[in-house]
Amino acid sequence: MRFIIKTLFIVLFFISNSIKAHEGMWIPSLLKALEGDMQSMGLKLTAEDIYSINKSSLKDAIVHFGGGCTAEVVSKEGLILTNHHCGYGQIQQHSSPENNLLKNGFWAMKKSEELKNPGLTATFIVRIEDVTSAVEKGVLKSMTEIEKQKVISNNIKSITEDAVKETNYSADIKPFYYGNEYYMIVSKTYNDVRLVGAPPSSMGKFGGDTDNWVWPRHTCDFSVFRIYADKNNEPAEISDDNQPYEIPNPLSIALNGVQENDFTMVFGFPGRTSQYLTSKAVDNYINIINPVRIEMRKNSLKHIDAAMDLSEETFIKYAAKQSRISNAYKKWIGQDLGLRKKDAIAKKINLEDKWLKKNKLNGELLEEIFILEEQKIQYDQSFSLFKELWYYGPEVIRFSYGFNKILNGDFEKELADKKTSISGYFKNYIQKIDQNIFSSLLPIYIKNMNNDLTSSYLIDLIDKYNGNYEEMAADLYKNSVFSSEEKISDLLKGNEKSIKKKISNDPFYLLSSNFINHYRNNVHNEFIRLSDLTDLKMKEYVKSLMNSFPEKTFWADANSTLRLTYGKVEGTFPRDGIKYTWFTTMDGIIEKNNTGNDDFKIPERLKDLHKEKNYGKYGNNGNLNICFLGSNHTTGCNSGSPALNAEGLLVGINFDRSWESTMSDVLFDEDICRNIMVDIRYVLWVIDIYAGAGHLVEEMNLVDN
Numbered sequence: 062m063r064f065i066i067k068t069l070f071i072v073l074f075f076i077s078n079s080i081k082a083h084e085g086m087w088i089p090s091l092l093k094a095l096e097g098d099m100q101s102m103g104l105k106l107t108a109e110d111i112y113s114i115n116k117s118s119l120k121d122a123i124v125h126f127g128g129g130c131t132a133e134v135v136s137k138e139g140l141i142l143t144n145h146h147c148g149y150g151q152i153q154q155h156s157s158p159e160n161n162l163l164k165n166g167f168w169a170m171k172k173s174e175e176l177k178n179p180g181l182t183a184t185f186i187v188r189i190e191d192v193t194s195a196v197e198k199g200v201l202k203s204m205t206e207i208e209k210q211k212v213i214s215n216n217i218k219s220i221t222e223d224a225v226k227e228t229n230y231s232a233d234i235k236p237f238y239y240g241n242e243y244y245m246i247v248s249k250t251y252n253d254v255r256l257v258g259a260p261p262s263s264m265g266k267f268g269g270d271t272d273n274w275v276w277p278r279h280t281c282d283f284s285v286f287r288i289y290a291d292k293n294n295e296p297a298e299i300s301d302d303n304q305p306y307e308i309p310n311p312l313s314i315a316l317n318g319v320q321e322n323d324f325t326m327v328f329g330f331p332g333r334t335s336q337y338l339t340s341k342a343v344d345n346y347i348n349i350i351n352p353v354r355i356e357m358r359k360n361s362l363k364h365i366d367a368a369m370d371l372s373e374e375t376f377i378k379y380a381a382k383q384s385r386i387s388n389a390y391k392k393w394i395g396q397d398l399g400l401r402k403k404d405a406i407a408k409k410i411n412l413e414d415k416w417l418k419k420n421k422l423n424g425e426l427l428e429e430i431f432i433l434e435e436q437k438i439q440y441d442q443s444f445s446l447f448k449e450l451w452y453y454g455p456e457v458i459r460f461s462y463g464f465n466k467i468l469n470g471d472f473e474k475e476l477a478d479k480k481t482s483i484s485g486y487f488k489n490y491i492q493k494i495d496q497n498i499f500s501s502l503l504p505i506y507i508k509n510m511n512n513d514l515t516s517s518y519l520i521d522l523i524d525k526y527n528g529n530y531e532e533m534a535a536d537l538y539k540n541s542v543f544s545s546e547e548k549i550s551d552l553l554k555g556n557e558k559s560i561k562k563k564i565s566n567d568p569f570y571l572l573s574s575n576f577i578n579h580y581r582n583n584v585h586n587e588f589i590r591l592s593d594l595t596d597l598k599m600k601e602y603v604k605s606l607m608n609s610f611p612e613k614t615f616w617a618d619a620n621s622t623l624r625l626t627y628g629k630v631e632g633t634f635p636r637d638g639i640k641y642t643w644f645t646t647m648d649g650i651i652e653k654n655n656t657g658n659d660d661f662k663i664p665e666r667l668k669d670l671h672k673e674k675n676y677g678k679y680g681n682n683g684n685l686n687i688c689f690l691g692s693n694h695t696t697g698c699n700s701g702s703p704a705l706n707a708e709g710l711l712v713g714i715n716f717d718r719s720w721e722s723t724m725s726d727v728l729f730d731e732d733i734c735r736n737i738m739v740d741i742r743y744v745l746w747v748i749d750i751y752a753g754a755g756h757l758v759e760e761m762n763l764v765d766n
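Quick look at the structure:
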């Protein structure tokens with residue numbers, strides 16, 4: 062009955078309000094309800110061709126890549142495509158000044174040359190199942206929330222265990238619509254994923270920070286990997302005995318590309334959206350949370366970028382870190398501009414006012430949410446600042462705390478682990494850069510933290526140096542064993558007593574342990590408590606919104622589960638006097654290169670091939686299409702997602718959004734929000750003609766019609 066009602070609701074919505082057809086990230090098991098609308102826009106497939114548990118479907122070729130990106134299988138021998146920036150960490154790990162894969166690119170000319178990547182995974186979705194009734198079985202209105210959650214947790218444990226019994230599957234149940242619905246995702250994960258090919262970073266990251274999140278775009282943002290399995294085609298740990306994963310129906314590729322207004326769909330694993338935030342929450346986000354995060358990352362990048370410009374060795378060491386920090390930094394700036402320009406707060410207030418008129422007897426619900434958000438904001442800010450300092454700030458803080466296990470765990474085991482892991486850490490670490498980041502970020506952290514939530518140990522330490530952060534940093538790094546591989550290696554050669562004594566008295570270990578313990582005891586628990594209370598009220602509010610406005614669409618926020626979004630190939634007019642045409646060509650690469658900007662440097666071979674107009678079967682009227690825009694609603698972790706045409710053929714790889722579109726995590730505007738995809742013909746051209754790796758293209762099924 063639940064499914065019938067849900068299906069009817071979606072169908073009625075699309076009959077009455079198709080203008081919003083491009084918005085939403087849809088659960089693929091519910092696509093039958095959207096089939097008519099998609100077909101009216103040009104889709105030539107059925108919902109079951111896209112997602113099915115009874116027959117082969119497009120779903121079977123979609124991969125959750127490393128848990129943070131998407132990839133797609135394009136050959137029967139497990140060859141997968143994803144973004145260059147998704148494979149960037151692996152490319153970096155295989156790089157050295159003597160063999161710089163980041164700079165020069167990499168192409169395995171035979172399978173024995175493909176590079177292993179410990180820890181990298183490829184996950185396929187077996188099925189998605191609505192388990193709401195089973196999860197809520199035994200939950201009574203008379204129960205306290207703690208009692209309800211205990212029943213739900215026990216039900217989830219039982220359901221997932223039964224779902225994967227006697228299989229090598231995994232099962233995860235996630236809440237949707239703040240817990241109004243629950244879906245179980247059953248998956249299968251492969252642990253041997255090898256690097257096959259990647260263009261030089263001057264192509265794979267063409268445009269660098271200058272072009273990141275903007276249009277027009279000319280980035281060759283792809284990399285090639287291959288999934289390996291055991292002799293039975295089942296998941297296995299990395300081994301020379303493994304063989305390429307066999308799949309009967311990989312994606313086929315459209316050699317004729319796309320045209321303006323063509324139907325497109327993007328199939329992948331979007332990470333997180335926040336469409337249901339209240340006006341108060343959006344206000345807090347824009348005016349409190351975002352500005353400080355932006356300031357902290359700006360200061361980190363100032364030191365990292367300057368150092369990377371001076372040395373190729375430093376560039377290799379910090380390439381992945383810089384990319385990780387800068388990506389969100391520029392996104393947040395664009396998001397802030399978009400939300401302000403589109404009056405996101407006013408739009409939220411308008412919706413809330415309409416809801417209040419329909420729910421006069423329940424109006425206190427919204428006020429209760431506002432009160433909770435007011436109480437929570439200082440903990441939100443503290444949590445955000447903690448993350449920026451702990452995960453994206455000076456690395457020595459988190460690194461030193463990792464030795465807590467030597468003090469409190471199995472000494473011999475932890476000692477052996479550290480002896481083998483420290484070289485990997487210091488391979489990509491430079492003390493001077495880390496020290497500069499420390500002295501730059503700490504004053505920003507202190508300035509924006511609530512004094513009552515700040516570690517007294519940290520305050521006392523700052524007072525000891527009279528607020529001189531440079532002097533403080535110099536002293537700590539000089540006297541800590543954790544700032545140097547030589548010092549920590551020498552320490553670990555000692556006996557248990559001397560090692561433990563030195564670690565427990567080390568200035569950075571003292572700082573990091575006090576810092577995180579204070580956070581856990583004074584911030585984290587209250588942050589979680591208030592967040593849980595807010596989510597419970599939001600569950601009521603979202604359910605009431607859906608009941609109050611049956612003519613509107615209320616798709617579930619992204620939560621790293623498989624989704625499908627659809628739209629068409631189209632440009633936009635994002636600002637007064639500015640038009641974004643729907644595609645770019647090779648000519649634009651040369652034009653940008655001629656500016657002299659370092660972000661637009663390209664290999665000489667690319668220039669030569671352009672002069673020769675050597676585009677082979679991938680060209681289009683004497684040129685080569687590079688990227689194109691679409692009105693598909695995407696977000697982070699859609700990186701690497703396949704862009705498919707009306708027949709389900711691969712036409713591009715999603716990798717970005719325009720700057721104006723970054724706000725779509727919170728507010729989607731169908732007039733300006735556009736996703737950016739690299740044209741599959743450019744990808745094939747680079748593999749085949751530029752790199753001379755045509756054997757990889759031969760594995761693929763190219764359709765020319």
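Reminder that position 550 of the sequence shown reads as 611 in the numbering used here, one-by-one numbering, no gaps. Backbone N, C-alpha and C fix where the C-beta goes; we use that ideal spot for every residue, glycine too.
For L142, the closest alpha carbon among the candidates S725, A704 and A380 is that of A704.
In the DSSP annotation of this structure, the continuous segment of the beta strand (DSSP E) that includes H125 starts and ends at I123 to F126. The alpha carbon of K172 has as its nearest neighbour, out of L140, H146, T595 and I748, the alpha carbon of L140. Annotated three-state conformation of V275 is coil, per DSSP. Closest option to I207, judged by alpha-carbon separation, among S387, R590 and D366: R590.
When secondary structure is reduced to three states using DSSP, D637 falls in the coil class, being assigned neither helix nor strand. As computed with DSSP, N684 is found in a beta bridge with N681. Residue range A183 to D191 is occupied by the beta strand (DSSP E) that includes E190, with no alpha helix (DSSP H) assigned at that position. Nearest in C-alpha terms to S340, of all of L201, Y379 and L400, is L400. Secondary-structure assignment with DSSP links I314 through a beta bridge to L711 and L763.
Around A108, the same chain offers L92, K93 and E96 as residues with beta carbons nearer than 6 angstroms, after the five sequence neighbours per side are excluded. Residues I483, V542 and F543 of the same chain have their beta carbon placed closer than 7 angstroms to that of I549, with the five preceding and five following residues left out of the count. The Cβ atoms of T723 and G395 sit closer than 8 angstroms to each other. Taken through DSSP and simplified to helix, strand or coil, D233 comes out as strand.
Of the candidates N216, G332 and T193, the residue whose Cα lies closest to the Cα of G240 is T193. Using a C-beta cut-off of 8 angstroms, the region 697 to 714 makes contact with the region 315 to 335, since at least three inter-stretch Cβ pairs fall below that distance.
Rounded to the nearest whole angstrom, the CA to CA distance from M170 to V744 is 17 angstroms. In this structure the region 420 to 427 does not touch the region 533 to 541; the number of beta carbon pairs closer than 8 angstroms is below three.
In the DSSP assignment, P352 falls within the alpha helix (DSSP H) that extends over N351 to L371. Per DSSP, V212 is one residue of the alpha helix (DSSP H) stretching across E206 to V225. Here Y251 carries a strand assignment [DSSP, helix/strand/coil]. Per DSSP, D521 is one residue of the alpha helix (DSSP H) stretching across S517 to K525. A distance below 8 angstroms between beta-carbons, with the five flanking residues on each side excluded, links T595 to the following residues of its chain, in chain order: I430, L433, E434 and K437. Counting along the chain, T646 sits inside the beta strand (DSSP E) bounded by residues F644 to T646.
Distances from the CA of N575 to each of K539, S313 and Y518 were compared; the closest alpha carbon is that of Y518.
The shortest C-alpha to C-alpha distance from I152 to any of F286, K392 and K613 is the one to F286.
Take the alpha-carbon of N388 and the one of I505: they are about 20 angstroms apart. Contact between the region 347 to 367 and the region 649 to 663 is absent: fewer than 3 CB-CB pairs across the two stretches fall below 8 angstroms.
Restricting attention to beta strand (DSSP E) runs no shorter than 3 residues, the region 401 to 485 encloses none. Here the C-alpha atom of S443 lies approximately 12 angstroms from the C-alpha atom of K508.
The beta carbon of G268 sits closer than 6 angstroms to those of T280 and D660, all from its chain and outside the five residues before and after it, given in chain order. Annotated three-state conformation of M245 is strand, per DSSP. By the criterion of a C-beta distance shorter than 8 angstroms, I220 is surrounded in its chain by V192, A195, V196, A232, I234 and M245, once the five residues flanking it on both sides are discounted. The beta carbon of I406 lies closer than 6 angstroms to those of S340, V343 and D344 in the same chain, with the five residues before and after it left out.
Nearest to G85 by C-alpha distance, out of L728, V739 and A290, is L728. Ranked by Cα distance from W720, the first of K678, P455, W616 and Y641 is Y641.
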